[in-house]
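Working notes, structure below.
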Amino acid sequence: SVLEDVEYQLNDLDMTRDFHTLGGWPLLVSLLSPGVHLASNSTLTDEHLAASRDVQAKAAWAIGTAVKNTEEFFPYAIEEVTVGGSKTSALAMLLQQLREQEAKAVR
Numbered sequence: 001s002v003l004e005d006v007e008y009q010l011n012d013l014d015m016t017r018d019f020h021t022l023g024g025w026p027l028l029v030s031l032l033s034p035g036v037h038l039a040s041n042s043t044l045t046d047e048h049l050a051a052s053r054d055v056q057a058k059a060a061w062a063i064g065t066a067v068k069n070t071e072e073f074f075p076y077a078i079e080e081v082t083v084g085g086s087k088t089s090a091l092a093m094l095l096q097q098l099r100e101q102e103a104k105a106v107r
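Its first residue numbered 1, the sequence shown is counted upward by one per residue in the working numbering.
Structural data, given as structure tokens:
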């Protein structure tokens, strides 16, 4: 998939730096949000939910690959980006997903 290719490219320090500099980071972070995967008037089916989770997982993997490489990239995890009109960060979005999954597991 495209996100697997992005993740592979983000193993390279220069590619990660260029990806960030050229504005790819906010788009990648936005893929963590389930709201960006459907049109606002769409009905969420099991198939859509599975595809959305797959995209989110691969985006999270690519983000992890990028920020783990060197100290220079650590701040990318907490860098403020706008997703769906709200300010957030990759780390905040990932933590929110963990809280939501934990809440579902407790129910």
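Virtual Cβ for every residue (Gly too), placed ideally from N, Cα, C. Being a predicted model, the structure only gives us computed values, none of them experimental.
State the Cα-Cα distance for the pair G64 and T43, rounded to the nearest angstrom. Start at 1 with the first residue of the sequence shown, and residue 64 comes out as number 64. Start at 1 with the first residue of the sequence shown, and residue 43 comes out as number 43. Their Cα atoms are separated by approximately 31 Å.
Query raised in the report: Between which two residues does the beta strand (DSSP E) containing T82 stretch?
Result: Along the sequence shown, one-based indexing puts residue 82 at 82. Looking at the DSSP string, the run of the beta strand (DSSP E) that includes T82 is V81 to V83.
Q: Taking the CB atoms as reference points, tell me whether V67 and L3 lie closer together than 9 Å.
A: For the purposes of this step, residue 67 is identified with residue 67 of the sequence shown, where counting begins at 1. For the purposes of this step, residue 3 is identified with residue 3 of the sequence shown, where counting begins at 1. Not in contact: V67 and L3 (Cβ atoms no closer than 9 Å).
Coarse secondary structure for S30, derived from DSSP in three states:
Translated into the one-based positions of the sequence shown, residue 30 becomes position 30. In this structure, S30 counts as helix in the three-state DSSP scheme.
message = Just to confirm the assignment, what range does the alpha helix (DSSP H) spanning S52 have?
response = As a position in the sequence shown, residue 52 is number 52, starting the count at 1. D46 to K68 is the extent of the alpha helix (DSSP H) around S52.
_Contacting residues, own chain, Cβ-Cβ under 6 Å from K58 (five flanking each side not counted)_ = For the purposes of this step, residue 58 is taken as the residue at position 58 of the sequence shown. Cβ neighbours of K58 beyond the five flanking positions: L3.
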